[in-house]
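Chains as they are written, first to last, in the working numbering: chain A, 1 to 354; chain B, 355 to 600.
Down below is the structure, laid out as structure tokens.
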């Protein structure tokens, strides 16, 4: 008995030493204060807020696109970033929202405000069907399926007479607006939605739901064994993301005044959204916001700069901007794997594998 | 009193190899049962069956009297069965605290209550100081402790543990042992797979020995370790000495 007591004392001493060592080791771990990322987000929105009224029409339109991307990317990031289910389905959900809004507007003269909720519901409904059918697939197969889904949606809408077929649908905003007035209206509607999407992403990241999504991303079987209903969690993430995409799509339909299948269900948009999250930082609620600013501004700059380049006397095709963005994606995927946000907040970023 | 777990003729094959063959045993409430056997004897497969990670080909698994064979892991967790793994499977990019909040996702209750409970559990294994440390920054032994307390978040009736003492520092082993004893005093049963027989004999009231997918001996630690079939399985012509099935 005395022997056991000595053993217990030894063990206690050893465990105290081990815990003290562990505490000392962790004291050096760099950790950004919790308020840094919210402060950055507030600062970004505060800077953007007055821009709608200050900047010229072109710049306001560019910033509106930034906000449009932010809403869709925040939605996409829930499953694609936190959940680790990289996919190319963003255009399908935004497109569903856009077509729902445009159809309600052209057919029944519903206003922009009236179409927002139905557009979100329609996109969420489509995501439910897609999710039920595919979310038991592991990530790579899911990614391929969503790629196919984008083409499928394009074909279906193109051949659906009620949706205008290949010609598309026109939308009309009620009331007399100057072109600048309209630009300001869309800017602030999307500004509001971008804040909503960012707040949702913030709360998801700091909820048990968000931790479960990250657990799924890291080790789905282990999460299942702990009792997490993984399919249901993934489905919920897809659904919330799709609803946000649908909202953004509805505004987009009015913003452009006209939508057609090829431009709406575009793989360019789907790829841009992935790029936004990879560059900004997946698994961070701030990542899609920062990524949207970088990607949209870069695209705009390249669109202006590239056609004026004449390397070795040759004209550079305008599509080269896609090439530059592709190279950027590779650089981030290989070397800056936690995105821009990860450069500043080391401990939260997710290692991207593309 | 209903057994926490009771299996009957549990069988699982992978291709042509039968990993668990007609196994029947039970775990009484509040007991610590050891599960031993040479490599490839079917211990880990048994654990995987007992928490729904894999479904049996035949047989029943009664948890608190209800047959859950073929049900998902979620059903097993809901019935009060949780587990840990041989190599700790913590979620490395989230903090210790966040790791503990994952299993309670579908449990009713506020986050504040769960956070308090998680803090108490982290305290029991000396990890409270690491509550906001990403799990990837914890040592291997600390990850094992974290995984252990994570399994306790859903207030299980039984925790299935796969090699909790393997490859950890003696001090961590002792923290783990004490935590198991404390929890057991509060009524939680344990089934522990381990090759560390001395640790098991200190902890367990009963030991089950498997070989070739079957239970070959069952009883008190003294009875099992001196059982001729157990000695043969470990030292004689058992699968370990034949080098079969890793």
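We put the CB at the ideal spot given by N, CA and C, even for glycine.
Values in this document were obtained by computation on a predicted structure and should not be read as measured data.
Item	Value
With a threshold of 7 angstroms on Cβ separation, who are the neighbours of residue 85 of chain A within its own chain once the five nearest residues in sequence on each side are excluded?	79, 139, 142 and 234
With 16 as the cutoff for other CB atoms within 10 Å, does residue 23 of chain A come out buried or exposed?	Because the pLDDT at residue 23 of chain A is just 48, under 50, the model does not fix this residue reliably, and the point stays unresolved.
What are the partner residues of residue 366 of chain B, as DSSP defines its beta bridges?	B/374
Assign residue 282 of chain A to one of three DSSP states: helix, strand, or coil.	coil
Look at the Cβ atom of residue 504 of chain B, then the Cβ atom of residue 219 of chain A, and state whether they are nearer than 7 angstroms.	no
For the alpha helix (DSSP H) that contains residue 132 of chain A, what are its first and last residues?	112 to 134
Would you kindly report the start and end of the unbroken alpha helix (DSSP H) that includes residue 416 of chain B?	Here residue 416 of chain B belongs to no alpha helix (DSSP H); instead the beta strand (DSSP E) covers 412 to 417.
Pick out whichever of B/396, B/366, B/395 and B/404 has its Cα sitting closest to the Cα of residue 544 of chain B.	B/404
Fully enclosed by the region 242 to 325 of chain A, which alpha helix (DSSP H) runs are 4 residues long or longer?	261 to 264, 267 to 280 and 287 to 305
Across which residues does DSSP place residue 573 of chain B in a beta bridge pair?	B/561
Rounded to whole angstroms, what's the CA-CA distance from residue 75 of chain A to residue 254 of chain A? Just pull it up for me.	20 angstroms
Give, in chain order, every residue of the region 458 to 473 of chain B whose Cβ lies closer than 7 angstroms to some Cβ of chain A.	458, 459, 460 and 465
For residue 516 of chain B, which beta-bridge partners are listed by DSSP?	B/547
Report buried or exposed for residue 117 of chain A, applying the criterion of at least 16 other Cβ atoms within 10 angstroms of its Cβ.	exposed
Determine, using beta carbons only, whether residue 406 of chain B and residue 425 of chain B come nearer to each other than 7 angstroms.	yes
Does DSSP classify residue 221 of chain A as helix, strand or coil?	helix
What does DSSP give as the partner residue(s) for residue 388 of chain B in the beta ladder?	B/546 and B/561
What residues of chain B sit near residue 214 of chain A, judged by a beta carbon separation below 7 angstroms?	445, 447 and 448
Please confirm if residue 208 of chain A has its CB atom under 7 angstroms from at least one CB of chain B.	yes
Helix, strand or coil for residue 421 of chain B? Go by DSSP, reduced to three states.	strand
Return the Cβ separation of residue 453 of chain B and residue 500 of chain B in integer angstroms, given the expectation that the two are a contact with Cβ distance under 8 angstroms.	6 angstroms
Where does residue 100 of chain A land, buried or exposed, given buried means 16+ other C-beta within 10 angstroms?	buried
At the level of alpha carbons, what is the spacing between residue 496 of chain B and residue 322 of chain A?	46 angstroms
Let's see if you can read the secondary structure: which residues bound the alpha helix (DSSP H) around residue 443 of chain B?	From DSSP, residue 443 of chain B is part of no alpha helix (DSSP H); its letter is neither H nor E.
Out of curiosity, what's the CA-to-CA distance linking residue 539 of chain B and residue 526 of chain B?	20 angstroms
Could you tell me how far apart the beta carbons of residue 430 of chain B and residue 562 of chain B are, in whole angstroms, since I believe they sit closer than 8 angstroms?	That belief does not hold up - the Cβ atoms of residue 430 of chain B and residue 562 of chain B are roughly 19 angstroms apart, past 8 angstroms.
Which residues, taken in chain order from the region 224 to 236 of chain A, show a beta carbon closer than 8 angstroms to some beta carbon of chain B?	224, 225, 226, 227, 228, 229 and 233
Per DSSP, what kind of secondary structure is residue 436 of chain B in: helix, strand or coil?	strand
Helix, strand or coil for residue 37 of chain A? Go by DSSP, reduced to three states.	helix
Taking C-beta to C-beta, are residue 120 of chain A and residue 288 of chain A nearer than 7 angstroms?	no
Give me the Cα-Cα distance between residue 336 of chain A and residue 291 of chain A, rounded to the nearest whole angstrom.	13 angstroms
To which residues of the same chain is residue 383 of chain B closer than 8 angstroms at the C-beta, ignoring the five residues directly before and after it?	355, 356, 357, 358, 511, 541 and 543
Applying the 10 Å Cβ sphere with the 16-neighbour rule, what's the burial state of residue 35 of chain A?	exposed
Is DSSP giving residue 24 of chain A helix, strand or coil here?	With a pLDDT of 48 at residue 24 of chain A, under the threshold of 50, the predicted position of this residue should be treated as unreliable, though the coordinate-derived value follows. Helix at residue 24 of chain A.
Quick one: measure Cβ to Cβ for residue 522 of chain B and residue 479 of chain B, integer angstroms, because I've assumed they're closer than 8 angstroms.	Not really, about 12 angstroms apart at Cβ, beyond 8 angstroms.
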